[in-house]
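Remarks on the structure that follows.
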Amino acid sequence: MKNRMHTCAAALMTLVVMATVMQGGMQSVFATGKTITKSVTVASAKMTVSNTSSDSKGSDKGSTIDIKVGETSNDKELAESVDLSGSVAGISYEKLAMANVDQAVNIRAESSEDSELVGKLYKECAGEILEKGSGWTKLKTGKVTGWVKNDFLLFGADAKKLADSVVEKMATSNTSCLRVRKEPSQEAGIYDLLAEGDTIEVVEELGDWVSVEFADGTVGYVSSEYVTVSDEIGKGETIESIRAKEEAEKKAKESSKAAKSSSSSGSSGSSETATAVSNASAANYDDVTLLASLIQSEAGNEIPEGQVAVGAVVMNRLRTGRFGNSLYSVIYAKGQFSPAGSGKVAQICAQGPKASCVAAAQAALSGASPVGAATRFRPVSSGYQGMVIGNHVFW
Numbered sequence: 007m008k009n010r011m012h013t014c015a016a017a018l019m020t021l022v023v024m025a026t027v028m029q030g031g032m033q034s035v036f037a038t039g040k041t042i043t044k045s046v047t048v049a050s051a052k053m054t055v056s057n058t059s060s061d062s063k064g065s066d067k068g069s070t071i072d073i074k075v076g077e078t079s080n081d082k083e084l085a086e087s088v089d090l091s092g093s094v095a096g097i098s099y100e101k102l103a104m105a106n107v108d109q110a111v112n113i114r115a116e117s118s119e120d121s122e123l124v125g126k127l128y129k130e131c132a133g134e135i136l137e138k139g140s141g142w143t144k145l146k147t148g149k150v151t152g153w154v155k156n157d158f159l160l161f162g163a164d165a166k167k168l169a170d171s172v173v174e175k176m177a178t179s180n181t182s183c184l185r186v187r188k189e190p191s192q193e194a195g196i197y198d199l200l201a202e203g204d205t206i207e208v209v210e211e212l213g214d215w216v217s218v219e220f221a222d223g224t225v226g227y228v229s230s231e232y233v234t235v236s237d238e239i240g241k242g243e244t245i246e247s248i249r250a251k252e253e254a255e256k257k258a259k260e261s262s263k264a265a266k267s268s269s270s271s272g273s274s275g276s277s278e279t280a281t282a283v284s285n286a287s288a289a290n291y292d293d294v295t296l297l298a299s300l301i302q303s304e305a306g307n308e309i310p311e312g313q314v315a316v317g318a319v320v321m322n323r324l325r326t327g328r329f330g331n332s333l334y335s336v337i338y339a340k341g342q343f344s345p346a347g348s349g350k351v352a353q354i355c356a357q358g359p360k361a362s363c364v365a366a367a368q369a370a371l372s373g374a375s376p377v378g379a380a381t382r383f384r385p386v387s388s389g390y391q392g393m394v395i396g397n398h399v400f401w
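In my numbering, the protein residues as written are 7 to 401.
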């Protein structure tokens with residue numbers, strides 16, 4: 007009788023597990039203070055439990071547990087059914103690895119968590135596989151080469167799918183001062199100035215002009231003579247580059263007081279110079295004022311939730327590290343927010359942003375985000391898919 011009861015119990019447990027697998031979906035399990043995300047793949051009847059954690063230095067920690075039920079199919083067969091011929095942004099799909107993180111993952115000199123930190127691979131960024139091991143993969147990404155834990159990478163069909171969804175056609179400036187104009191004309195007004203090597207997203211190539219788009223959906227134009235158009239995807243960054251940008255921003259803040267003083271003394275100059283001086287002076291304002299001024303320039307007439315959402319996009323960009331290492335650098339990243347480059351944000355800073363935008367900035371700085379981890383937004387009329395709040399769509 008006891009054996010028969012054990013047999014029945016075992017059969018019942020098998021049915022419960024199989025039913026759970028067939029249902030699919032996502033569920034969260036909370037254990038020992040960590041969030042464990044459980045994904046169920048019905049096609050392979052395989053349940054994968056992954057657990058990741060991060061610290062202020064960037065996480066290398068992670069674990070994966072596989073529980074197989076039945077033998078209906080397997081991941082290898084599914085991967086083989088996807089065509090990995092071709093390439094994206096110059097990287098063969100067969101050699102492609104994509105960062106599978108919310109912010110960034112460390113790139114190390116050797117395949118060890120104790121090894122020297124040589125760079126960062128940001129969310130939705132790509133690398134070319136040089137050597138793949140069971141726990142670590144050696145990548146070349148941008149100007150950095152090093153090892154990344156496999157737990158934080160996607161390969162094969164998964165990497166291809168993500169890369170195809172984030173690859174962009176970009177225009178790279180070949181001159182030291184590229185004007186992004188409001189119309190395809192040499193006499194048109196200017197949104198922003200791009201330095202050599204700066205990039206901006208391409209909408210359409212129009213012969214002598216290239217139509218480009220800022221992160222907020224503003225459309226401008228650059229002379230095709232001074233840009234190179236190509237498919238691009240985010241890449242990693244060296245620690246030296248990260249530190250150099252931080253140092254450059256520090257110096258910019260120190261010199262902005264002198265620039266502001268020069269402007270107020272009545273010195274004459276072109277409108278471009280005046281805009282540059284105005285933008286530099288914006289570095290002197292506190293984060294609440296700076297963020298509130300951007301929110302007002304982008305969503306000053308939106309509902310409160312829409313204003314917080316724009317602020318959240320900026321904060322999400324800051325958290326990834328890909329767009330800058332401070333609020334100022336994220337807002338003033340070239341080719342991103344047109345009101346920053348045009349001087350509008352600095353003007354609002356000087357006048358003082360309105361109360362609703364200040365409240366929205368404070369909420370976003372405190373962690374409020376009605377749009378999750380979204381890092382982009384456009385007017386609803388643009389036709390982009392995502393979360394709609396007011397007159398903007400976020401993704």
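Just so it is clear, CB atoms sit at the ideal spot from N, CA and C, and this is done for glycine as well.
- Of the residues assessed, Glu189 falls on the exposed side of the cut-off, its CB having fewer than 16 other CB atoms within 10 angstroms.
- Residue burial annotation: Ile309 is exposed, with fewer than 16 other C-beta atoms found within 10 angstroms of its C-beta.
- Nearest C-alpha to Glu122 among Thr244, Glu193, Val94, Phe220: Thr244.
- Note on Lys167: under 16 other CB atoms within 10 angstroms of its CB, so exposed under the neighbour-count rule.
- Minimum Cα-Cα distance from Glu134 among the listed residues Cys355, Tyr334, Ala289, Gly148 corresponds to Gly148.
- Put simply, the backbone Cα of Glu130 is about 21 angstroms away from that of Leu333.
- Here Phe343 carries a coil assignment [DSSP, helix/strand/coil].
- Less than 8 angstroms divides the Cβ of Cys363 from the Cβ of Gly306.
- Counted as a single uninterrupted DSSP element, the stretch harbouring Arg382 is not any alpha helix (DSSP H), since DSSP gives it neither H nor E.
- A check of alpha carbon separations from Ala379 across Met321, Lys146, Leu371 identifies Met321 as the nearest.
- If the five residues before and after Thr224 are omitted, its C-beta is found closer than 7 angstroms to the C-beta atoms of Tyr197, Ser344, all from its own chain and listed in chain order.
- Under DSSP, Tyr227 shares a beta bridge with Arg187, Ser217.
- Selection Asp170, Arg114, Leu127 evaluated against Ser98 yields Asp170 as nearest (Cα-Cα).
- When secondary structure is reduced to three states using DSSP, Ser332 falls in the coil class, being assigned neither helix nor strand.
- The criterion of a C-beta distance shorter than 8 angstroms is satisfied by Val316 and Ile301.
- For the pair Leu160 and Val294, the Cα-to-Cα distance works out to about 37 angstroms.
- Under the three-state reduction of DSSP, Asp237 is assigned to strand.
- Leaving aside the five residues that flank Ser375 on each side, the residues in its chain whose CB is nearer than 6 angstroms to its CB run, in chain order, Ala318.
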